[in-house]
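Here is the structure we will look at, set down as structure tokens.
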Amino acid sequence: MDRIVNRRDLAFQLYEVLDAEALTSYPRFADHGRDTFDAVIDTAERLALDKFAPHAAKADAEEPRFDGQRVHMIPEIGQALDAYVAAGFMAAHRDEADGGMALPWTIAQACAALFTGANASTTAYPFLTIAAANLLSVHGNRDQRSRYLQPMLEGRFFGTMCLSEPQAGSSLGDIRTRAEPMGAGRYRLKGAKMWISGGDHELSETIVHLVLARLPDAPPGVKGISLFIVPKHHVDDAGQVGARNDVALAGLNHKMGYRGTTNCLLNFGERDGAVGELVGEPHKGLSYMFHMMNEARVGVGLGATMMGYAGYLYSLDYARNRPQGRRPDQKDPASPPVAIIEHADVRRMLMQQKVYVEGALALTLHCARLIDQRDQTEDAEARAALVRLLDILTPIAKAWPSEYCLDANRLAIQVLGGYGYTRDYPVERLYRDNRLNPIHEGTNGIQGLDLLGRKAMIDGGAAFKALMAEIEATLAAAEAVHAVAPLRNALARLARRAALITADLGRLAAGGDVATALANSTPYLDMMGHTVIGWMWLRQALVAAAALDAGPAAGDRAFYEGKLAAARFFAAQEIPRADAQAAILESHDRSALDIDDAGF
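Okay, so the sequence shown: first residue is 1 according to full-length UniProt numbering, each after it adds one.
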């Protein structure tokens with residue numbers, strides 16, 4: 001069995017739906033082809049299976065511990081990360097001059113999917129580092145890139161993002177961490193940061209914390225936030241790691257899942273102050289941090305997808321091999337039991353997992369390809385259009401997989417029945433690991449506020465119109481394809497309804513009733529998520545239908561027919577979920593707003 005992802009599906013997504021080979025027409029990727037892409041993906045899969053997957057359960061059972069001086073964790077985590085770095089994956093998407101392979105982000109993310117599906121907790125350490133390095137490559141100065149970025153790409157330094165504080169949570173405008181100038185471009189930081197993934201460990205020479213803080217003259221709110229590099233150890237001008245900086249681990253948070261990743265309360269400046277450096281200009285730190293946050297949000301969606309995918313594959317294999325019960329037409333109690341995949345409700349649960357995980361994978365890889373196009377496109381107008389499309393897809397790509405691929409994990413447990421609820425099988429751990437994804441990098445509720453309150457309304461709804469235009473183009477291409485008609489017709493109806501609802505909620509907010517509009521932002525996110533995933537499934541169904549018409553290879557017919565069956569299932573059983581959310585949105589329901597606090 002495929003243990004992490006169906007490689008036939010991954011190849012289908014990359015080469016038949018996204019045409020990743022066409023990226024080699026960009027000069028930066030000209031030396032690549034499908035052969036090199038597949039070779040790197042093969043290496044990633046072998047490494048994920050050999051070094052990451054085997055200790056996933058052990059890292060969960062023996063979570064990191066803090067003895068008051070240092071963090072201890074199982075040695076397999078460090079061994080896996082050493083192998084990851086040695087194979088070149090930390091800098092795979094970077095230019096060869098940076099020690100990279102100059103891979104498209106699309107292919108790098110396909111590799112990332114394999115590592116996350118094998119072991120999300122261990123994978124979190126390099127993924128945070130890659131995102132922090134990408135931020136510094138854009139916003140750091142030359143000296144910062146030399147002293148911090150290059151060692152991060154080499155895997156010698158790891159990185160974090162330090163935003164939340166105990167009293168503020170996601171309300172970043174209320175952070176209290178202060179940065180006092182000390183001359184020579186240095187600052188002393190004092191404050192506390194909470195929920196810092198990868199915030200302390202012994203896996204690297206040092207940890208590069210990217211910290212949001214306020215300067216003495218900072219205006220209130222989010223417009224007064226600056227970004228600082230605060231390393232765990234001092235790093236001199238030659239890049240050598242020295243004495244410990246004034247950054248202290250106050251304690252580890254003990255989590256329901258994702259246990260192999262340290263999650264920390266960090267105190268900056270318990271003594272004289274943690275020495276840091278300003279990134280970019282004062283008071284622009286939040287805009288810089290969004291470079292990392294938006295990358296991380298799509299990464300969260302990809303991670304959620306892969307945890308759901310791994311659970312789906314396990315439950316599929318279990319269903320094919322677990323004999324239990326008999327078909328309704330088998331009246332003889334002495335007849336042999338059948339595999340549970342022959343039972344109708346088990347088939348429903350497997351199909352539901354399939355449409356969730358394969359639809360979510362299509363969306364997250366589609367976002368990765370848009371990033372490649374954005375970064376390689378020289379035409380300013382075309383680039384701006386790609387940015388708008390990415391902006392509106394980002395909250396959906398984070399939230400929809402983290403909601404529905406978590407549900408896929410729930411269904412995987414159900415397929416295994418009582419066995420699924422035990423630690424003898426991986427599906428319960430995958431569920432617990434995945435439960436974090438609706439929370440971190442901005443809760444799904446925050447993604448709903450972002451989508452409805454900003455992304456869908458900004459610039460006269462330009463991003464929303466761009467998304468609708470993309471969906472309409474796919475609907476037009478599907479108009480004459482009989483095999484995809486059920487999904488095409490259902491999606492066309494839903495897209496029209498979504499456009500009307502978006503305009504209606506915009507008028508409601510513009511008329512002063514912002515609270516009613518935003519009280520329904522989560523149903524809006526859900527409705528738009530199903531609309532976008534329906535679009536992803538229609539794109540897949542069109543490719544599958546064309547392949548079947550052309551006469552596929554013998555081994556591929558069942559695969560393509562499975563795609564069309566999944567598209568029909570999405571039309572019949574998932575689009576109605578979005579219709580239900582649409583009905584809620586059309587009602588302008590205020591019941592949660594109008595109740596007195598004492599009534600809860």
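For every residue, glycine included, the Cβ atom is placed at its ideal position computed from N, Cα and C.
Predicted model, so just to flag it, every value in this text is computed and none were measured.
- In this structure, the alpha-carbon of residue 402 lies about 27 Å from that of residue 514.
- The Cβ-Cβ distance between residue 274 and residue 246 falls below 8 Å.
- Of the residues assessed, residue 436 falls on the buried side of the cut-off, its CB having 16 or more other CB atoms within 10 angstroms.
- Restricting attention to alpha helix (DSSP H) runs no shorter than 4 residues, the segment 116-166 encloses them at 120-139, 150-153, ordered along the chain.
- The three-state reading of DSSP puts residue 96 in helix, counting H, G and I together.
- Within a 10 Å sphere around the beta-carbon of residue 159 sit 16 or more other beta-carbons, which makes this residue buried.
- Residue 148 is not a Cβ neighbour of residue 276, given a cutoff of 8 Å.
- In terms of CA proximity to residue 55, 118 leads the group 24, 205, 118.
- When DSSP states are grouped into helix, strand and coil, residue 193 belongs to the strand group.
- Contact between residue 177 and residue 213 holds, with the beta-carbon distance rounding to 4 Å and staying under 8 Å.
- Annotation: residue 318 to residue 416 spans about 7 Å, alpha carbon to alpha carbon.
- Taking 8 Å as the cut-off, the Cβ atoms of residue 63 and residue 260 count as close.
- Ranked by how close their Cα comes to the Cα of residue 174, the residues 367, 408, 191 have 191 in first place.
- Closest option to residue 193, judged by alpha-carbon separation, among 253, 339, 134, 109: 253.
- Of the candidates 559, 573, 592, the residue whose Cα lies closest to the Cα of residue 8 is 559.
- Here residue 276 carries a strand assignment [DSSP, helix/strand/coil].
- Per the coordinates, the alpha-carbon of residue 539 lies some 10 Å from the alpha-carbon of residue 545.
- Burial check for residue 591: the Cβ neighbour count within 10 Å stays below 16, so the residue is exposed.
- Taking a cut-off of 8 Å on C-beta distances, the segment 383-401 touches the segment 361-369, as three or more cross pairs fall below it.
- For the 8 Å CB-CB criterion, residue 139 and residue 230 do not form a contact.
- Taking residue 84 as reference, the option from 248, 108, 96 with the minimal CA-CA separation is 108.
- The beta carbons of residue 355 and residue 495 sit about 18 Å from each other, so the pair does not count as a contact at 8 Å.
- With distances taken between CA atoms, residue 412 lies nearest to 357 out of 43, 337, 357.
- Sequence-distant Cβ neighbours of residue 104 in its own chain, meaning closer than 6 Å and more than five residues away, are 23, 29, 372.
- Counting C-beta pairs with one atom in each stretch, the segment 304-320 and the segment 414-430 have three or more that are closer than 8 Å, which means they touch.
- Setting aside the 5 residues that flank it on each side, residue 409 is surrounded in the same chain by 308, 311, 430, 431, 434, each with a C-beta closer than 6 Å to its C-beta; the list follows chain order.
- Leaving aside the five residues that flank residue 244 on each side, the residues in its chain whose CB is nearer than 6 Å to its CB run, in chain order, 233.
- By the criterion of a C-beta distance shorter than 6 Å, residue 520 is surrounded in its chain by 585, once the five residues flanking it on both sides are discounted.
- Just measuring C-alpha positions, the residue of 370, 382, 135, 163 sitting nearest residue 150 is 135.
- One thing to note: residue 210 has its Cβ no nearer than 8 Å to the Cβ of residue 189.
- The Cβ-Cβ distance between residue 225 and residue 153 does not fall below 8 Å.
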